[in-house]
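> This is the structure I want to talk about, given as structure tokens.
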Amino acid sequence: MELTSKHFEILGKTVIPGETKTIELNIATLHTMTELKVPIVVSRSVYDGPTVLLSAGLHGDELTGIEIIRQIIRRGISYPACGTIICMPLINVFGFVNQSRDFPDGRDLNRIFPGSASGSLASRFAYRIMQDIIPVVDYVIDFHAGGRGRFNVPQIRIEPDNPELDVLAEAFSTQFLLYSKNIDGSFREACDKLGKKYILFEGGKALDLNEEVIEEGIQGSMRFLDNLNMLQTTFSSQLPTKPMICIENSTWIRAQYSGLLHNFIEAGTYVNEGAVLGKISDPYGLIEEEILAPNNGYIICTNQAAIVFQGDAVYHISTKLKDE
Numbered sequence: 001m002e003l004t005s006k007h008f009e010i011l012g013k014t015v016i017p018g019e020t021k022t023i024e025l026n027i028a029t030l031h032t033m034t035e036l037k038v039p040i041v042v043s044r045s046v047y048d049g050p051t052v053l054l055s056a057g058l059h060g061d062e063l064t065g066i067e068i069i070r071q072i073i074r075r076g077i078s079y080p081a082c083g084t085i086i087c088m089p090l091i092n093v094f095g096f097v098n099q100s101r102d103f104p105d106g107r108d109l110n111r112i113f114p115g116s117a118s119g120s121l122a123s124r125f126a127y128r129i130m131q132d133i134i135p136v137v138d139y140v141i142d143f144h145a146g147g148r149g150r151f152n153v154p155q156i157r158i159e160p161d162n163p164e165l166d167v168l169a170e171a172f173s174t175q176f177l178l179y180s181k182n183i184d185g186s187f188r189e190a191c192d193k194l195g196k197k198y199i200l201f202e203g204g205k206a207l208d209l210n211e212e213v214i215e216e217g218i219q220g221s222m223r224f225l226d227n228l229n230m231l232q233t234t235f236s237s238q239l240p241t242k243p244m245i246c247i248e249n250s251t252w253i254r255a256q257y258s259g260l261l262h263n264f265i266e267a268g269t270y271v272n273e274g275a276v277l278g279k280i281s282d283p284y285g286l287i288e289e290e291i292l293a294p295n296n297g298y299i300i301c302t303n304q305a306a307i308v309f310q311g312d313a314v315y316h317i318s319t320k321l322k323d324e
């Protein structure tokens, strides 16, 4: 590896080779006149290499990714053997404080990228990220979790028909790979339009810390960095115990009735068409309606809420595997 001589600047601050620096992104002044800042931890190697952004907390109630990046920093994994690693463990500080998915203006930050310099509070913040941080980045791993009560088995999501992203997903190599198109206004779409290589990790559920999912995210990140020769030799990532299962299409099974949800199946399980996944009952012992699998497939998300309403998504099931 060659010693780097490149100048690296982010948010008006210079980070020299071999340095780790915490830089604060000012995002707003509250109605109490208190400034709200997002800490960004930047670590540079003395050797030349790519720049990787690890981001989480885009939705403030998704704690899994926050903890994954916290542990990556705490364990020293974020000190690269070459290149630069930028860690943003908590983007949506507002949502985190309020234990909410959204910004205080009621907007979903992950639906308004690339934002606007003169738009809403959330839009302005999205704009700052795209203008001040993403231009210096080559790769992005963005960590997410399921909504409240919805437990996602660890999975990577990427755009279909992109061989470069296939290679990166294989390097991360978690339990499942889902091909899904970019959503309008999403961080993923905005990064893709700028030519940044972006993969999205989903695992666990909102307002919850699941140790197995967290460790899966850490190990996958280490494998990803190792593939770029950025992982320090003091670390050794664990190889996956099973090949990654690639899903081309999937669908949600929705509740046909409102009532108490009794779940019989774990996320990650393969089921056959007609298998009983759970049941919905009324509180009075009069009705019990089974929820059946509409096809053979893997259950990649289960709704763990005790009460559901008609039309609620209760199970996410694969409908077509790659090369099937």
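Counting in the UniProt record's numbering, the sequence shown runs from 1 upward without gaps.
A virtual CB, placed ideally from N, CA and C, is assigned to each residue, including glycine.
(1) Using 10 angstroms around the beta-carbon of ALA190, count the other beta-carbons present and answer buried if the total reaches 16, otherwise exposed.
(2) The beta strand (DSSP E) that contains ARG157, what's its start and end?
(3) Name the two residues that bound the continuous beta strand (DSSP E) containing CYS191.
(4) Mind listing, in chain order, the continuous beta strand (DSSP E) runs of no fewer than 3 residues lying wholly within the region 92-149?
(5) THR14 to ARG223, Cα distance in whole Å?
(6) When the distance is taken between beta carbons, is ASN210 closer than 7 angstroms to residue 349?
(7) Can you tell me which of the three DSSP states PHE201 falls into?
(8) Looking only at DSSP bridge pairs, what is ILE68 linked to?
(9) Helix, strand or coil, according to DSSP, for ILE317 in the structure here?
(10) In chain order, what residues of the same chain lie with their CB nearer than 6 angstroms to the CB of TYR298, ignoring the 5 residues before and after it?
(11) Buried or exposed, going by whether 16 or more other CB atoms sit within 10 Å of the CB of ASP102?
(12) Skipping 5 residues on each side, what residues in its chain have a beta carbon closer than 6 angstroms to that of CYS87?
(13) Can you give me the Cβ contacts of GLY311 inside the same chain, cut-off strictly under 6 angstroms, excluding the 5 residues immediately before and after it?
(14) For VAL38 and chain B, any beta-carbon pair shorter than 7 angstroms?
(15) Evaluate the contact criterion for the region 195-211 versus the region 137-149: three or more CB pairs, one atom per stretch, below 8 angstroms.
(16) Is GLU273 near ASN303, with beta carbons less than 7 angstroms apart?
(17) On the DSSP bridge list, what partners appear for GLY278?
(18) Among residues of its own chain, excluding the 5 on either side of SER173, which ones have a beta-carbon nearer than 7 angstroms to its beta-carbon?
(19) Between the alpha carbons of ALA81 and LYS21, how many angstroms are there, rounded?
(20) When you compare each of ASP282, GLY217 and LEU207 to SER100 by their alpha carbons, which one comes out closest?
(21) Let me check understanding here. Comparing Cα to Cα, which of ILE16, PRO17, HIS31 and LEU11 lies closest to ILE23?
(22) Sorted by chain position, which residues of the same chain lie with C-beta nearer than 8 angstroms to LEU168's C-beta, five sequence neighbours on each side aside?
(23) Taking the Cβ atom as the reference point for each residue, do GLY95 and GLY60 lie within a distance shorter than 7 angstroms?
(24) Using CA atoms only, rank isn't needed, just tell me which of GLN175, ARG75 and ASN110 is closest to SER236.
Looking at the atomic coordinates:
(1) Here residue 190 refers to the residue found at position 190 when the sequence shown is read from its first residue. ALA190 should be labelled buried.
(2) For the purposes of this step, residue 157 is identified with residue 157 of the sequence shown, where counting begins at 1. From DSSP, the beta strand (DSSP E) with ARG157 extends over 150-158.
(3) Within the sequence shown, residue 191 is the residue found at index 191, counting from 1. First-last for CYS191: 187-193, but that is the alpha helix (DSSP H), not the beta strand (DSSP E).
(4) 139-146
(5) In the sequence shown, residue 14 corresponds to position 14, counting from 1. In the sequence shown, residue 223 corresponds to position 223, counting from 1. Using only the alpha carbons, I get a separation of about 28 angstroms.
(6) In this structure the chain extends from 1 to 324, so residue 349 is not present and cannot be described.
(7) Within the sequence shown, the letter at position 201 stands for residue 201. Strand, per DSSP.
(8) Position 68 of the sequence shown, counted from the start, is the residue given in the question as residue 68. Answer by DSSP bridge pairing: none, since ILE68 is not bridged.
(9) Along the sequence shown, read from residue 1 onward, the residue named residue 317 stands at position 317. Strand.
(10) Within the sequence shown, the letter at position 298 stands for residue 298. So the list reads TYR270 and SER318, once near-sequence residues are dropped.
(11) Indexing the sequence shown from 1 puts residue 102 at position 102. By the 10 Å Cβ count, ASP102 comes out buried.
(12) Here residue 87 corresponds to residue number 87 of the sequence shown, with the count starting at 1. For CYS87, where only same-chain residues beyond five positions count, the Cβ hits under 6 angstroms are VAL41, LEU54, ILE69, ILE73 and SER78.
(13) As a first step, residue 311 must be located in the sequence shown, where it is residue number 311. Counting only Cβ-Cβ distances below 6 angstroms, and skipping sequence neighbours, we find ARG254.
(14) Absent from the structure: chain B. Only one protein chain is present.
(15) yes
(16) Walking along the sequence shown from the start, residue 273 turns up at place 273. Walking along the sequence shown from the start, residue 303 turns up at place 303. Not in contact: GLU273 and ASN303 (Cβ atoms no closer than 7 angstroms).
(17) Along the sequence shown, one-based indexing puts residue 278 at 278. DSSP lists ASN263 and ILE291 as partners of GLY278.
(18) On the sequence shown, position 173 is the one that residue 173 refers to. Contacts found: GLY220, ARG223, PRO240 and MET244.
(19) Counted from its first residue, the sequence shown places residue 81 at position 81. Counted from its first residue, the sequence shown places residue 21 at position 21. Those two C-alpha atoms are separated by around 16 angstroms.
(20) Your numbering for residue 100 matches position 100 in the sequence shown. Considering only alpha carbons, the answer is LEU207.
(21) The residue you call residue 23 lines up with position 23 of the sequence shown. Closest option to ILE23, Cα to Cα, is LEU11.
(22) Taking the first residue of the sequence shown as 1, we reach residue 168 at position 168. Result list for LEU168: TYR139, ILE158, LYS197, ILE199, PHE224 and ASN227, in chain order.
(23) Looking up residue 95 in the sequence shown gives position 95. Looking up residue 60 in the sequence shown gives position 60. Result yes, Cβ atoms of GLY95 and GLY60 sit closer than 7 angstroms.
(24) On the sequence shown, residue 236 is found 236 positions in, with the first residue counted as 1. Here the closest residue by C-alpha is ARG75.
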